[in-house]
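Down below is the structure, laid out as structure tokens.
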Amino acid sequence: MLQSLLEALDSLTTNKLRSALTILGIVIGVGAVIAMLAIGRGAEQTITGSISGLGTNLLFVIPGGAQEVRNPKPLTLQDAQAIGEPFAAPSVVAVAPLLAGSVEVSYAGESRFTQVSGVTAGYAEMRSIELAEGEFINEGQMLGLASVAVLGPDTAENLLGRREGVIGETVRIDGQPFRVIGVTAARGGSGFSNEDDLVLVPLTTAQARLIRKPQRGEIDMLLVQAASADTVNLAGEEVSAILRARHRTEIGEDDFTVFTQQDFLATAQTITGVLTIFLGGVAGISLLVGGIGIMNIMLVSVTERTREIGLRKAVGARKRDILIQFLAESSLLSLVGGVIGILLGWGLSVLVGAIARASDADLNPAISLDAILLATLFSAAVGLFFGLYPAKRAADLEPVEALRYE
Numbered sequence: 059m060l061q062s063l064l065e066a067l068d069s070l071t072t073n074k075l076r077s078a079l080t081i082l083g084i085v086i087g088v089g090a091v092i093a094m095l096a097i098g099r100g101a102e103q104t105i106t107g108s109i110s111g112l113g114t115n116l117l118f119v120i121p122g123g124a125q126e127v128r129n130p131k132p133l134t135l136q137d138a139q140a141i142g143e144p145f146a147a148p149s150v151v152a153v154a155p156l157l158a159g160s161v162e163v164s165y166a167g168e169s170r171f172t173q174v175s176g177v178t179a180g181y182a183e184m185r186s187i188e189l190a191e192g193e194f195i196n197e198g199q200m201l202g203l204a205s206v207a208v209l210g211p212d213t214a215e216n217l218l219g220r221r222e223g224v225i226g227e228t229v230r231i232d233g234q235p236f237r238v239i240g241v242t243a244a245r246g247g248s249g250f251s252n253e254d255d256l257v258l259v260p261l262t263t264a265q266a267r268l269i270r271k272p273q274r275g276e277i278d279m280l281l282v283q284a285a286s287a288d289t290v291n292l293a294g295e296e297v298s299a300i301l302r303a304r305h306r307t308e309i310g311e312d313d314f315t316v317f318t319q320q321d322f323l324a325t326a327q328t329i330t331g332v333l334t335i336f337l338g339g340v341a342g343i344s345l346l347v348g349g350i351g352i353m354n355i356m357l358v359s360v361t362e363r364t365r366e367i368g369l370r371k372a373v374g375a376r377k378r379d380i381l382i383q384f385l386a387e388s389s390l391l392s393l394v395g396g397v398i399g400i401l402l403g404w405g406l407s408v409l410v411g412a413i414a415r416a417s418d419a420d421l422n423p424a425i426s427l428d429a430i431l432l433a434t435l436f437s438a439a440v441g442l443f444f445g446l447y448p449a450k451r452a453a454d455l456e457p458v459e460a461l462r463y464e
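So the number in our numbering is just where the residue sits in the sequence shown, counting from 1, plus 58.
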């Protein structure tokens, strides 16, 4: 076997340019597969981290059910207050209603549209939001419909040109003046939005002056925190029971939907998994094209070396020896292409990560050992599979006919 590999290496180095062009398809195919799998895994880690970073033991309640319901009722601030009533839902420790929209925010002639969210005083603790400076929205500001705002660090940087020393400054939200009372600590971007580019205002202020809804008190989402990971499902049942009673709906006719973090994670992982497989499959087509290229070149090589094959058989070489030699050549070609392709895929992944960081996108492609091993084995298998026909053709040549070939 070692002798066959040495002979294969000698044969391939004799025609360096042809060998290089032959493995190009394998290099591109393996490189694309490695890069696509790395990007897919990186996207999955980003989304998973984003969902996990929303908080602990959370439930998300949104308007609309799985089926169409007659006269569906929206979620309201009163729904949140009912769930938060003492003893109403024993497994629930906190409730935070949320109202959000894209609104123009301006300062000293600089303006931009950003995510403005109306929240309550308990939102910061539930979402584990820390402040770099200042204070968060309090109950008094909620009751008084105060014109105060907490900025994300990116929002402060983009509007005011700095992240520190902005407390007391006045920004305009939808043309209305709001006093800055705090700046959140940097949390980084996420798969859904940039956690650092936002504006938080009292929920009551947002409802009355910024994000108007058809029904008074209407909100976009309820964030509910369960007492522990073990009581998340029970908390969901309690919340559903309260909302059914308030909305006067039957089981199976809910006009709301309750999600857990695990639901979001499972959905996100399914989507990224399918996307990764699809992208990897598309890239894998290049590997098949590369394999066909190897087969074509090996057929040409068999034709060119017909007399050599006949001579070897005449001096005692067996069919198996010829078969192994040509299979060794095709496998070696494919394996070398696979190794170079892995390096190319790693380089592409690093480049994509650098571009993502430069554009403030939270994406860090992750190359796994599994992907490298899979690419290596698959490239070798491609060489064996597409080299089998040329090798068999060479092994089946009759010595007399081969020696007559010119």
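Ideal Cβ placement from N, Cα and C applies to all residues, glycine included.
All values reported here derive from a predicted model rather than from experimental measurement.
Terminal residues of the alpha helix (DSSP H) in which residue i lies
{"i": "L432", "result": "L427 to A453"}
{"i": "L381", "result": "K377 to A416"}
{"i": "Q136", "result": "L135 to I141"}
{"i": "A146", "result": "No alpha helix (DSSP H) contains A146, which DSSP labels as neither H nor E."}
{"i": "A182", "result": "Y181 to M184"}
CB contact check: residue i to chain D, cutoff 7 Å
{"i": "L261", "result": "Among the chains in the structure shown there is no chain D, since it carries only a single protein chain."}
Short Cβ contact (7 Å threshold) for residue i with residue j
{"i": "F171", "j": "E162", "result": "yes"}
{"i": "I81", "j": "G405", "result": "no"}
{"i": "A452", "j": "V347", "result": "no"}
{"i": "A438", "j": "S389", "result": "yes"}
{"i": "L117", "j": "V282", "result": "yes"}
{"i": "V44", "j": "P211", "result": "With the chain represented from 59 up to 464, any question about residue 44 goes unanswered, as that position is not in the structure."}
{"i": "I398", "j": "V177", "result": "no"}
{"i": "T262", "j": "L203", "result": "yes"}
{"i": "T213", "j": "D255", "result": "yes"}
{"i": "L95", "j": "A324", "result": "no"}
{"i": "V151", "j": "A138", "result": "no"}
{"i": "I141", "j": "I329", "result": "no"}
{"i": "V290", "j": "V119", "result": "no"}
{"i": "L292", "j": "S149", "result": "yes"}
{"i": "S407", "j": "A93", "result": "yes"}
{"i": "L133", "j": "G275", "result": "no"}
{"i": "R99", "j": "S164", "result": "no"}
{"i": "E253", "j": "L217", "result": "no"}
{"i": "P130", "j": "D313", "result": "yes"}
{"i": "E197", "j": "A179", "result": "yes"}
{"i": "F473", "j": "A449", "result": "The shown model of the chain, from 59 to 464, leaves out residue 473, and the question about it has no answer."}
{"i": "I105", "j": "A243", "result": "no"}
{"i": "A433", "j": "I400", "result": "yes"}
{"i": "V358", "j": "S392", "result": "no"}
{"i": "I195", "j": "V410", "result": "no"}
{"i": "E295", "j": "A147", "result": "no"}
According to DSSP, residues forming a beta bridge with residue i
{"i": "A154", "result": "L281"}
{"i": "I84", "result": "Bridge partners of I84: none, in fact."}
{"i": "T242", "result": "L189"}
{"i": "G176", "result": "L157 and V259"}
{"i": "Y165", "result": "E168"}
{"i": "E276", "result": "T134"}
Segment limits, beta strand (DSSP E) that includes residue i
{"i": "E191", "result": "L189 to G192"}
{"i": "R302", "result": "From DSSP, R302 is part of no beta strand (DSSP E) but of the alpha helix (DSSP H) over V290 to H305."}
{"i": "T318", "result": "F314 to T318"}
{"i": "L117", "result": "L116 to P121"}
Practice task
Report yes or no: do three or more beta-carbon pairs, one from the region 333-342 and one from the region 418-425, lie closer than 8 Å?
Solution key: no
Handout entry: contact_flag[the region 268-284, the region 237-247] where n(CB pairs < 8 Å) is 3 or more
Key = no
Practice task
Would you list, in sequence order, the uninterrupted beta strand (DSSP E) runs of no fewer than 3 residues that lie entirely inside the region 189-238?
Solution key: 189-192, 206-209 and 228-231
Problem - Validate contact between the region 285-298 and the region 86-101 using beta carbons, cut 8 Å, 3 pairs - result: no
Handout entry: Segment contact flag, the region 218-229 with the region 149-159, C-beta cutoff 8 Å, min 3 pairs
Key = no
Exercise for the section: Would you check if the region 347-357 and the region 439-446 touch, i.e. whether three or more CB-CB distances between them fall below 8 Å? Expected result: yes
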